[in-house]
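Asker:
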Amino acid sequence: MNTNTPDLFDHPAPGGGSVWLTGQTDLATQLADGGYHPNTATDPDLIPPAIAAEIITRYTWPGELVIDPDCGAGTSLVEALHHQRPALGLTTIPRWWRLARTNITTAKHAGAWSDGSVLDHPATALTHIRAAGTRGTATLAITALRNPTRSTATTDLTTTLTHTREALHPDGHIAIVATPTRDRNGELLDLPTTVLAAGHAAGLVLVHHAVALTAALHHDGVRTRAGITERRRAHNHPSGKPIALTAHRHILVFRPALATVSAVAGAGHHHLGNTAVREAPFLHIGRTDLDAVGAAA
């Protein structure tokens, strides 16, 4: 089983954690190269394929089960299949179920791993599908924080994470992807703290906080990948304030509390073959300086 292994090519993030260079290729190219249906880009909380692939390859080995309890258009599932991991997704939105199913079928026809499916059920179904053999077997759960501005965002995410734990291996990880979001006054929401609160309420412990770039990093700075629609939305923001364009996603990675306590009791190390890997917890979270990085609208 893979572990939270610090990458020698990681860059330090503000306050700790790491920055992942996952924006060197624009989203449109990622989707086209991955054979995704054109409507995939309409998922408002889409996990970019490069970010999904980064999480999957960091926290799993080929053959290990990846689940997404609220999969949307299914990019996390498709990237798991492309990297030889079986995948299971759930969604209650018929539109996303059809789209995720189409993307999975296309990936299989292109030669990806064949063991992938999406169910038209909520995450609560994960506690009731023992017959499918998923209970306690998933090495990684990965999903996006959806509709973060709603008042029930924290409680809804807590419910999802609580039921997702039932399908997670005791040494598995849960990764939540959050897109920087502003309220109507133009102020950034503290989404990492929202995710952290939901994780703690679900009996999880944060082990890593990464900033995954959706912008390209060049020698002369960060170049946003924002399209025309995002630029117009920022320019016409209800607050009337100048709004910076999105340059990244927050990635918060959790483990079950008992597993984390066991790791700490073992001198803070996991053993992978003959290699001891030290966990790198990132305890200071919140809005980072990168939340405001990007080209002015």
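Note that my numbering has the sequence shown beginning at 1, numbered continuously upward. The C-beta atom is built at its ideal place from N, Cα and C for all residues, glycine as well.
Between which residues of its own chain and Asp115 is the CB-CB distance below 7 angstroms, once the five residues before and five after are set aside?
Answerer: Counting only residues of its own chain and dropping the five nearest sequence neighbours on each side, Asp115 has a CB closer than 7 angstroms to the CB of Pro86.
Asker: Is Pro302 helix, strand or coil by DSSP?
Answerer: The chain is shown from 1 up to 297; residue 302 falls before or after that span and cannot be answered.
Asker: For the beta strand (DSSP E) that contains Gly89, what are its first and last residues?
Answerer: 87-90 is the extent of the beta strand (DSSP E) around Gly89.
Asker: Roughly how many angstroms lie between the CA atoms of Tyr59 and Thr160, to the nearest whole one?
Answerer: 20 angstroms
Asker: Taking C-alpha atoms, which residue in Lys241, Arg249, Arg231 lies nearest to Thr214?
Answerer: Out of Lys241, Arg249, Arg231, Arg249 has the C-alpha closest to the C-alpha of Thr214.
Asker: How is the alpha helix (DSSP H) around Leu191 delimited, first residue to last?
Answerer: Note, Leu191: alpha helix (DSSP H), 191-201.
Asker: Whose C-alpha, out of Ala175, Arg255, Gly34, is nearest the C-alpha of Thr303?
Answerer: For residue 303 there is no data in the structure shown, the boundaries of the chain being 1 and 297.
Asker: Could you tell me how far apart the beta carbons of Ala210 and Trp20 are, in whole angstroms, since I believe they sit closer than 8 angstroms?
Answerer: 6 angstroms
Asker: Using the rule of at least 16 other Cβ atoms within 10 Å of the residue's Cβ for burial, across every protein chain shown, is Gln30 buried or exposed?
Answerer: By the neighbour-count rule (16 or more Cβ atoms within 10 Å), Gln30 is buried.
Asker: Put Gly139 into one of helix, strand or coil per three-state DSSP.
Answerer: Note that residue 139 corresponds to Thr in the displayed sequence, not to Gly. Note: Thr139 maps to strand in three-state DSSP.
Asker: Could you tell me the alpha carbon to alpha carbon distance between Val118 and Asp220, rounded to whole angstroms?
Answerer: Here the alpha carbons of Asp220 and Val118 stand approximately 42 angstroms from one another.
Asker: Determine the DSSP secondary structure at Pro148, reduced to helix, strand or coil.
Answerer: Coil at Pro148, not helix or strand.
Asker: Mark Leu258 as exposed unless 16 or more other C-beta atoms lie within 10 angstroms of its C-beta, in which case mark it buried.
Answerer: exposed
Asker: Kindly indicate which three-state DSSP category Ser117 falls into: helix, strand or coil?
Answerer: strand
Asker: With Pro69 and Leu126 assumed to form a contact (beta carbons below 8 angstroms), what rounded beta-carbon distance in angstroms separates them?
Answerer: A Cβ-Cβ distance of about 6 angstroms is found for the pair Pro69 and Leu126, placing them in contact under the 8 angstroms criterion.
Asker: What's the call for Gly23, buried or exposed, on a 16-neighbour Cβ count within 10 Å?
Answerer: buried
Asker: So is Ile228 buried or exposed if we call it buried at 16+ other beta carbons inside 10 Å?
Answerer: Ile228 comes out exposed.
Asker: Exposed or buried, Asn103, counting other C-beta atoms within 10 Å across all chains shown (16 or more means buried)?
Answerer: buried
Asker: Would you please state the rounded distance, in angstroms, between the beta carbons of Trp113 and Leu140? I believe it to be under 8 angstroms.
Answerer: Not confirmed; about 14 angstroms, so no contact.
Asker: Provide the residue(s) that pair with Val253 in DSSP beta bridges, ordered along the chain.
Answerer: Ala175, His208
Asker: Can you name, in chain order, every residue of its own chain whose Cβ lies under 7 angstroms from the Cβ of Thr25, other than the five neighbours on each side?
Answerer: Ala50
Asker: Can you look up Ile285 in the DSSP assignment and give me helix, strand or coil?
Answerer: Below a pLDDT of 50, predicted positions are generally treated as unreliable, and Ile285, at 44, falls in that range; the measurement from the model is reported next regardless. Looking at Ile285 - three-state DSSP - the assignment turns out to be coil, as it is neither helix nor strand.
Asker: Using three-state DSSP, classify Ile47 as helix, strand or coil.
Answerer: coil
Asker: Less than 8 angstroms between the C-beta atoms of Gly72 and Asp33, yes or no?
Answerer: no
Asker: Would Trp97 be called buried (16 or more neighbouring beta carbons within 10 Å of its own) or exposed?
Answerer: buried
Asker: Taking Cβ positions, are Ala201 and Thr158 nearer each other than 8 angstroms?
Answerer: Going by C-beta atoms, Ala201 is nearer than 8 angstroms to Thr158.
Asker: How far does the alpha helix (DSSP H) with Ala153 in it reach, from first residue to last?
Answerer: Counting along the chain, Ala153 sits inside the alpha helix (DSSP H) bounded by residues 153-164.
Asker: Using the rule of at least 16 other Cβ atoms within 10 Å of the residue's Cβ for burial, across every protein chain shown, is Thr246 buried or exposed?
Answerer: buried
Asker: Where does Asp33 sit, in a helix, a strand or coil, going by DSSP?
Answerer: In the structure shown, Asp33 sits in a helix (DSSP, three-state: H, G or I).
Asker: For Ala178 versus Leu145, is the C-beta distance shorter than 8 angstroms?
Answerer: yes
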